[in-house]
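What follows is a short report on a single structure.
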Amino acid sequence: MDGDRVEIDGGVMEGGGQILRVSTALSCLLGTPLRVLKIRAGRSQPGLRPQHLSGLEMVRDLCDGKLEGGEIGSTEITFTPGKIKGGTHIADTKTEGSVCLLMQVAMPCVLFAASPSELHLKGGTNAEMAPQIDYAVMVRILHHGWLHLSSKNMKYFL
Numbered sequence: 001m002d003g004d005r006v007e008i009d010g011g012v013m014e015g016g017g018q019i020l021r022v023s024t025a026l027s028c029l030l031g032t033p034l035r036v037l038k039i040r041a042g043r044s045q046p047g048l049r050p051q052h053l054s055g056l057e058m059v060r061d062l063c064d065g066k067l068e069g070g071e072i073g074s075t076e077i078t079f080t081p082g083k084i085k086g087g088t089h090i091a092d093t094k095t096e097g098s099v100c101l102l103m104q105v106a107m108p109c110v111l112f113a114a115s116p117s118e119l120h121l122k123g124g125t126n127a128e129m130a131p132q133i134d135y136a137v138m139v140r141i142l143h144h145g146w147l148h149l150s151s152k153n154m155k156y157f158l
């Protein structure tokens, strides 16, 4: 630990992006600064991919936080959260990266936003190694908010 900053080893167990998504969302919710090392160390291409960076940038914007090391290929980031706010937030993976994984990192944060939130998520809906859009629509979203899907563009209102 670096002062009050929590350090997470991103190479633990399967060493994928889930540890990054969960730790960043929890950092935002708890207001605790975070440092993640060895991001995706267990993958054939370690470091941040476009979809991970999109999720990090969205959470940063959701809470007026600060993100250091937020670059494609980076294996270390530091994140300092601010106060969670509502409003319209956009994340575009610019690839077929999963919008469902973007929802995983954003949803816990927007549920505690000071005002309603609208998420515009762009990317793949049925990506490999990610929850499928049918699961997200039928299980997650119907219980929390309203969803509009169009070609490669998803709007999620809470």
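Everything in the sequence shown is counted per UniProt numbering, starting at 1 for the first residue and increasing by one. Note that the Cβ used here is the ideal one computed from N, Cα and C, for glycine as well.
Quiz item: Taking the beta strand (DSSP E) that Leu121 falls in, what are its first and last residues?
Solution: For Leu121, the enclosing beta strand (DSSP E) starts and ends at 117–122.
Quiz prompt | Nearest residue (CA-CA) to Ile72, options Asp64, Arg35, Gln45 | solution = The shortest CA-to-CA distance from Ile72 to any of Asp64, Arg35, Gln45 is the one to Gln45.
Exercise. Excluding the 5 residues preceding and the 5 following Ile19 in the sequence, name in chain order all residues of the same chain whose CB lies nearer than 6 Å to its CB.
Key: So the list reads Gly10, once near-sequence residues are dropped.
Practice problem: Tell whether a beta-carbon distance below 8 Å holds between Cys28 and Cys100. | Solution: At the C-beta level, Cys28 and Cys100 stay beyond 8 Å of one another.
Quiz prompt | Whole-angstrom C-beta distance between Ala130 and Met103, which should lie under 8 Å | solution = Between Met103 and Ala130 a beta carbon distance of about 10 Å is seen, past the 8 Å cut, so the two are scored as non-contacting.
Quiz item: Would you call Phe112 buried or exposed, if buried means 16 or more other Cβ atoms sit within 10 Å of its Cβ?
Solution: Within 10 angstroms of the beta-carbon of Phe112 lie fewer than 16 other beta-carbons, which makes it exposed.
Quiz item: Quick one, which of Arg35, Ile39, Pro50, Thr75 has its alpha-carbon nearest Gly123's?
Solution: When only C-alpha atoms are compared, the closest one is Pro50.
Self-check item: Short Cβ contact (8 Å threshold) for residue 184 with Leu121
Solution: Residue 184 lies beyond the residue range present for the chain, which begins at 1 and ends at 158; the question has no answer from this structure.
Quiz prompt | Cβ neighbours of Val114 in the same chain (closer than 8 Å, five flanking residues each side left out) | solution = Before going on, a small fix: residue 114 reads as Ala here, not Val. So the qualifying residues of the chain are Lys83, Ile84, Lys85, Gly86.
Quiz item: Per DSSP, what kind of secondary structure is Gly87 in: helix, strand or coil?
Solution: Strand at Gly87.
Quiz item: In whole angstroms, what is the alpha-carbon distance linking Asp61 and Asn126?
Solution: In a straight line, the C-alpha of Asp61 is about 26 Å away from that of Asn126.
Self-check item: Among Met13, Met138, Gly17, Lys94, the one whose alpha carbon lies nearest that of Ser74
Solution: It is Gly17.
Quiz item: Quick one: what does DSSP say Val44 is sitting in, helix, strand or coil?
Solution: Rather than Val, the amino acid found at residue 44 in this sequence is Ser. The answer is coil: DSSP assigns Ser44 none of H, G, I, E or B.
Quiz item: Secondary structure at Asp110, three-state DSSP: helix, strand or coil?
Solution: Per the sequence presented here, residue 110 reads as Val, with Asp not at that position. Val110 carries a helical assignment under DSSP once its states are collapsed to helix, strand and coil.
Quiz item: From Glu128, Met107, Glu118, pick the residue whose C-alpha is nearest to that of Val22; which is it?
Solution: Taking only the C-alpha atoms, the option nearest Val22 is Met107.
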